[in-house]
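The listed protein sequences correspond, in order, to chains A and B. The opening position of the first sequence corresponds to residue 1 in the working numbering, with each subsequent residue numbered one higher. The opening position of the second sequence corresponds to residue 367 in the working numbering, with each subsequent residue numbered one higher. Beta carbons are placed, not taken as given, at the ideal position from N, Cα and C, and that holds for glycine. Small disclaimer: the values here were computed from a predicted structure and weren't measured. Encoded as structure tokens, the structure appears first; notes follow it.
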Amino acid sequence: MNAKTALYEVHQNSGAKLVDFGGWDMPLHYGSQIEEHHTVRASAGMFDVSHMTIVDVQGAQSREYLRYLLANDVDKLRSTGKALYSGMLDENGGVIDDLIVYRMPVDYRLVVNCGTREKDLAWMEKQAKEFDVQLKERPELSMVAIQGPEAIAKVKAAMPSQAPLIESLSVFQGLQDGEWMYCRTGYTGEDGLEVLVPEDKVAEFWLALEAVGVKPCGLGSRDTLRLEAGMNLYGSDMDESVTPLQSNMAWTVSISDRDFIGKSAIEAQKSAGVPSKLVGLVLEKRAVLRGHQKVIVTNKDGSESVGEVTSGTFSPTLGYSVALARVPCTISENSGGTCEVEIRGKRVSVAVVKPPFVRNGKKVYK
Amino acid sequence: MSTIPGELKYLSSHEWVRLESDGETVTIGVTDHAQDLLGDVVFVELPEVGSTIAAGEEAGVVESVKAASDIFSPVGGVVTEINDALEDAPELVNSDPYDDGWFFKIKISDVKELTDLMTAEAYTELCEEEL
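Structure representation (structure tokens):
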């Protein structure tokens with residue numbers, strides 16, 4: 001029996017195609033995944049992301065704890081509500097999960113992936129033993145992501161009393177009104193909000209958004225949107241077997257003057273040479289790049305090295321296929337490089353680029 | 367529940383076949399159930415007009431947002447026509463799988479091959495088992 005979000009019946013009534021996602025029954029789409037994708041790029045769509053795990057970190061040493069737990073440094077969060085994207089690493093520098101940490105009025109709040117919930121909580125509890133902190137999961141909070149160029153205007157229209165709070169948000173900031181929390185974050189490459197809502201209020205909130213023209217969107221379009229935006233998906237694009245340096249996440253590692261889990265492994269990898277990296281691939285032919293396809297890189301001396309597509313899809317915005325792939329560091333994504341991908345038994349030449357592919361509705365890679 | 371027209375014949379790999387009024391041309395496509403499983407179709411690769419295909423042979427590929435699937439020809443013969451509209455509008459496979467979303471036509475070599483295919487009843491049972 002799968003877990004269900006507080007919006008399950010609303011999704012059923014909207015004709016959602018529900019699928020298993022990490023032990024939850026979640027909407028894949030409400031008719032057409034591609035139409036939902038275009039809606040988010042052109043106006044506003046909303047996603048039920050209540051399956052994600054919310055954990056409050058409280059206590060006198062919550063700052064010290066998070067500075068040790070996370071590869072990015074929470075000391076960068078200089079004002080209330082500011083958010084930070086970070087990897088949570090093991091001692092080898094492998095990525096246990098990627099997450100967002102918010103600086104709350106007192107203490108911190110983390111949003112982590114649902115598929116990694118149990119191992120994340122076990123790891124966080126284990127590390128917490130050395131600190132004066134308490135971890136408190138918040139399963140009673142639902143979460144709705146409203147994304148697209150018209151998203152913020154439409155949330156304000158649906159929740160007029162919250163308009164001043166929403167207008168005051170800077171990018172990557174979340175502010176509370178009681179238990180509600182409005183965050184200017186997302187996973188689509190568009191402007192928008194992620195709103196934490198008490199679960200007994202979320203159906204009413206969802207229907208109010210629908211009434212002002214926000215279209216329900218499923219996890220199918222969420223995946224094509226995030227991939228166009230060059231955002232990693234945990235478990236596909238990175239996991240414990242690779243470091244942030246191999247995952248296009250070097251920018252999230254803040255070495256600074258502190259120790260954190262995985263720091264020595266990251267520094268050792270830096271000095272020894274990073275063995276692989278995550279790049280973007282573009283295929284402007286009538287075929288689709290997909291996860292686990294083999295990537296072949298021809299080196300200067302004619303020898304071949306092998307990589308792998310970590311996620312690939314048809315890009316509805318561009319009209320052709322894009323992918324993230326882990327490849328040897330010999331290849332450059334800055335100078336019109338190419339490599340080959342084995343698609344259904346045939347080798348096809350693809351362009352190597354630096355992600356993202358699409359931001360704010362427009363092609364951005366070179 | 368998906369639509370399964372009674373007058374068509376089916377393959378267990380979710381292709382449908384319609385014998386046209388000339389008694390020797392068949393039209394082939396994929397079923398409503400298949401398009402529902404595939405999700406939004408983004409490319410369709412079709413056989414060349416004039417090529418000869420054997421029954422059960424791979425005749426093309428349909429790529430959706432989710433996966434690539436082979437299309438098998440339910441009967442043998444010569445390809446007489448392909449649905450060019452699918453090049454610019456692959457979504458026809460989703461919106462109208464039995465009419466505007468057809469894939470290709472074959473001049474059938476042996477009409478008796480049609481009797482080996484699944485009836486609508488048998489195909490309905492298969493789809494129910496898969497659910």
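Straight-line Cα distance separating aspartate 450 of chain B from tyrosine 368 of chain A
The displayed coordinates of chain A run from 1 to 366. Any statement about residue 368 of chain A would go beyond what the structure contains.
Nearest-angstrom Cβ-Cβ length linking valine 383 of chain B and leucine 458 of chain B, presumed shorter than 8 Å
That pair is no contact at about 18 Å.
Would you mind listing the beta strand (DSSP E) stretches within the stretch 263-323 of chain A that are 3+ residues and don't spill past its ends, in chain order?
As for any beta strand (DSSP E) of minimum length 3 sitting wholly inside the stretch 263-323 of chain A, the runs are 276-283, 294-298, 304-315, ordered along the chain.
Distance, cysteine 493 of chain B Cα to histidine 399 of chain B Cα
7 Å
Could you tell me which residues DSSP pairs with valine 155 of chain A in its beta bridges?
Valine 155 of chain A has no beta-bridge partner at all, per DSSP.
Extent of the continuous beta strand (DSSP E) run through alanine 83 of chain A
For alanine 83 of chain A, the enclosing beta strand (DSSP E) has its first and last residue at 83-89.
Is the CB of glutamate 450 of chain B under 8 Å away from at least one CB in chain A?
It is worth fixing the name first, because residue 450 of chain B is aspartate in this sequence and not glutamate. Taking Cβ atoms only, chain A never reaches closer than 8 Å to aspartate 450 of chain B, which makes this a no.
I'd like to know if glycine 405 of chain B contacts chain A, where contact means its C-beta is closer than 8 Å to some C-beta of that chain.
yes
Distance CB(proline 316 of chain A)-CB(isoleucine 96 of chain A) smaller than 8 Å
no
Considering glycine 220 of chain A, what are the terminal residues of the alpha helix (DSSP H) in which it resides?
219-228
Report buried or exposed for threonine 53 of chain A, applying the criterion of at least 16 other Cβ atoms within 10 angstroms of its Cβ.
buried
Check the Cβ-Cβ distances between alanine 434 of chain B and every residue of chain A, and say whether any is below 8 Å.
Under the Cβ distance rule, alanine 434 of chain B counts among the residues neighbouring chain A, one pair being separated by less than 8 Å.
Any idea what DSSP makes of isoleucine 255 of chain A, helix, strand or coil?
coil
For chain B, find out if any of its Cβ atoms is closer than 8 Å to the Cβ of glutamine 293 of chain A; answer yes or no.
no
State buried or exposed for glutamine 134 of chain A, treating a residue as buried only when at least 16 other CB atoms are found within 10 Å of its CB.
Residue burial annotation: glutamine 134 of chain A is exposed, with fewer than 16 other C-beta atoms found within 10 angstroms of its C-beta.
Report the rounded CA-to-CA distance for arginine 67 of chain A versus threonine 338 of chain A, giving the unit in angstroms.
If you take the alpha carbons of arginine 67 of chain A and threonine 338 of chain A, they lie about 40 Å apart.
For histidine 11 of chain A, three-class secondary structure by DSSP
helix
For alanine 287 of chain A, would you say it is in contact with chain B, using Cβ-to-Cβ distances shorter than 8 Å as the test?
Yes, alanine 287 of chain A counts as interfacial toward chain B.
In or out: leucine 371 of chain A buried (at least 16 other Cβ within 10 Å) or exposed?
No answer is possible for residue 371 of chain A: it lies beyond the span of chain A, which begins at 1 and ends at 366.
How many whole angstroms separate the CB atoms of glutamate 381 of chain B and isoleucine 394 of chain B, which I take to be in contact at a CB cut-off of 8 Å?
About 6 Å; that satisfies the 8 Å criterion.
Could you please tell me which residues of the stretch 407-428 of chain B, in chain order, have their CB closer than 8 Å to any CB of chain A?
If the cut-off is 8 Å between Cβ atoms, the stretch 407-428 of chain B has Val408, Phe409, Glu411, Val427 near chain A.
Tell me whether tryptophan 382 of chain B sits in a helix, a strand or coil according to DSSP, three-state version.
Three-state DSSP puts tryptophan 382 of chain B in a strand.
Between which two residues does the alpha helix (DSSP H) carrying leucine 404 of chain B extend?
Per DSSP, the unbroken alpha helix (DSSP H) holding leucine 404 of chain B starts and ends at 398-404.
Strand pairing of valine 411 of chain A, partner residues [DSSP]:
One cannot answer for residue 411 of chain A here, as it falls past the ends of chain A, which runs 1 to 366.
Can you find the residues in the same chain that come closer than 7 Å, C-beta to C-beta, to phenylalanine 172 of chain A, ignoring five residues on each side of it along the sequence?
Lys82, Ala83, Arg184, Thr185
Glutamine 147 of chain A - DSSP class collapsed to helix/strand/coil
strand
Contact set between glutamine 33 of chain A and chain B, taken where Cβ atoms lie within less than 8 Å
Gly405, Asp406, Val431
What is the rounded straight-line gap between the Cα of methionine 249 of chain A and the Cα of proline 371 of chain B?
52 Å
If you follow the alpha helix (DSSP H) that methionine 124 of chain A is in, where does it begin and where does it stop?
Per DSSP, methionine 124 of chain A belongs to the alpha helix (DSSP H) from 117-128.
Is the separation between the beta-carbon of alanine 325 of chain A and that of valine 309 of chain A shorter than 8 Å?
Contact flag set, yes.
Among B/Glu496, B/Leu377, B/Asp406, nearest to aspartate 462 of chain B - alpha-carbon criterion:
Here the closest residue by C-alpha is B/Asp406.
What residue from A/Leu278, A/Arg359, A/Lys363 has the CA that sits closest to aspartate 239 of chain A's CA?
A/Leu278
Establish whether the CB of threonine 188 of chain A and some CB of chain B are separated by less than 8 Å.
Output row for threonine 188 of chain A: interface = no.
Distance check for glycine 467 of chain B and glutamine 127 of chain A, CA to CA, integer angstroms please.
57 Å
Let me check one thing: in DSSP terms, what residues is glutamine 173 of chain A bridge-paired to?
A/Lys82
Strictly under 8 Å for the Cβ-Cβ distance: is valine 314 of chain A near chain B by that measure?
Checking the sequence, you will find phenylalanine at residue 314 of chain A rather than valine. Interface residue, yes.
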